[in-house]
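Comments concern the structure below.
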Amino acid sequence: NFKYSDVLSAIGRIQLKDVSRKMTACKKIYKQYENELNAFHFIDIIPVQEQNGELPIYIEVLSPIRQQVMEYLSTQKIETRVFPPSLHLAPQFNCYNKTFPNSTLIGEKAFYLPAGPDQSEENLNRVFEGLKSFQKLYT
Numbered sequence: 005n006f007k008y009s010d011v012l013s014a015i016g017r018i019q020l021k022d023v024s025r026k027m028t029a030c031k032k033i034y035k036q037y038e039n040e041l042n043a044f045h046f047i048d049i050i051p052v053q054e055q056n057g058e059l060p061i062y063i064e065v066l067s068p069i070r071q072q073v074m075e076y077l078s079t080q081k082i083e084t085r086v087f088p089p090s091l092h093l094a095p096q097f098n099c100y101n102k103t104f105p106n107s108t109l110i111g112e113k114a115f116y117l118p119a120g121p122d123q124s125e126e127n128l129n130r131v132f133e134g135l136k137s138f139q140k141l142y143t
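So that you can map any letter, position 139 of the sequence shown is 143 in my numbering, and since no number is skipped, the others follow by simple counting.
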């Protein structure tokens, strides 16, 4: 049943008033990550095509040493998460004899860094410092 209650409608209307601020915040956070991640050779940001209307809600990155980076950030109390598994791996699609190089690459190397319109500058700086200390220790 996909009917909206009055309460959900009221909450939605309130949230819509704040959309512009949240969009601006997401774009600003993405730019900060884009600038900061240039300093690291072990991680690359997945580009967002803002000029085509994409909104960088998530900070998606690739790393050949994804597991090491994620484990280290976890020790620094920085939460990350891997991408969901690629659909071609689902048994119901029966794709065992086919290759999907892009999906395989993403599945093996991609993960999310902390983001969202309400991330504080302090949180972002903790992520950047965590990545800097990882680079000094492990690369």
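Ideal Cβ positions, reconstructed from N, Cα and C, are used throughout, including at glycine. No experiment lies behind these values; they were computed from the predicted model shown.
Q: Spatial neighbours of Cys-30 within its chain, please: CB distance less than 7 Å, with the 5 preceding and 5 following residues excluded, ordered by chain position.
A: The sequence position of residue 30 within the sequence shown is 26, counting from 1. The residues are Leu-59, Pro-60, Ile-61 and Pro-121.
Q: Within 10 angstroms of the Cβ of Arg-17, are there 16 or more other Cβ atoms? Answer buried if so, exposed if not.
A: One-based indexing of the sequence shown puts residue 17 at position 13. Arg-17 should be labelled exposed.
**Q.** Distance between Phe-97 and Leu-91 (C-alpha atoms, nearest Å)
**A.** For the purposes of this step, residue 91 is identified with residue 87 of the sequence shown, where counting begins at 1. For the purposes of this step, residue 97 is identified with residue 93 of the sequence shown, where counting begins at 1. Taking the straight line from one Cα to the other gives about 8 Å.
Q.
Assuming Ile-82 and Phe-46 are in contact, meaning their beta carbons sit under 8 Å apart, how far apart are those beta carbons, in whole angstroms?
A. The sequence position of residue 82 within the sequence shown is 78, counting from 1. The sequence position of residue 46 within the sequence shown is 42, counting from 1. Actually they do not touch by this definition, with Cβ atoms about 15 Å apart.
Q.
Given this structure, state the Cα-to-Cα distance separating Ser-124 from Pro-95, to the nearest angstrom.
A. For this step, residue 124 is matched to residue 120 along the sequence shown. For this step, residue 95 is matched to residue 91 along the sequence shown. Straight-line Cα distance between these residues: approximately 41 Å.
Q | Terminal residues of the beta strand (DSSP E) in which Ile-63 lies | A | Numbered from 1 along the sequence shown, position 59 holds the residue referred to as residue 63. Unbroken beta strand (DSSP E) run through Ile-63: 63-66.
Q) What three-state label does DSSP hand Phe-46 in the structure shown? A) As a first step, residue 46 is located in the sequence shown; it is residue number 42 there, counting from the start. In the three-state DSSP reduction, Phe-46 falls in the coil class, being neither helix nor strand.
(Q) Suppose you measure from the CA of Gly-134 to the CA of Asp-10; what does that come to, to the nearest Å? (A) Residue 134 sits at position 130 when you count from the first residue of the sequence shown. Residue 10 sits at position 6 when you count from the first residue of the sequence shown. For Gly-134 and Asp-10, the distance between alpha carbons rounds to 44 Å.
Q: Taking only runs that begin and end inside the segment 53-134, name each unbroken alpha helix (DSSP H) of 4 or more residues, in chain order.
A: 70-79 and 105-113
Q.
Considering Cα atoms alone, identify which of Asp-48, Val-65 and Val-131 is closest to Leu-77.
A. Indexing the sequence shown from 1 puts residue 77 at position 73. Sorting Asp-48, Val-65 and Val-131 by C-alpha distance to the C-alpha of Leu-77 places Val-131 at the top.
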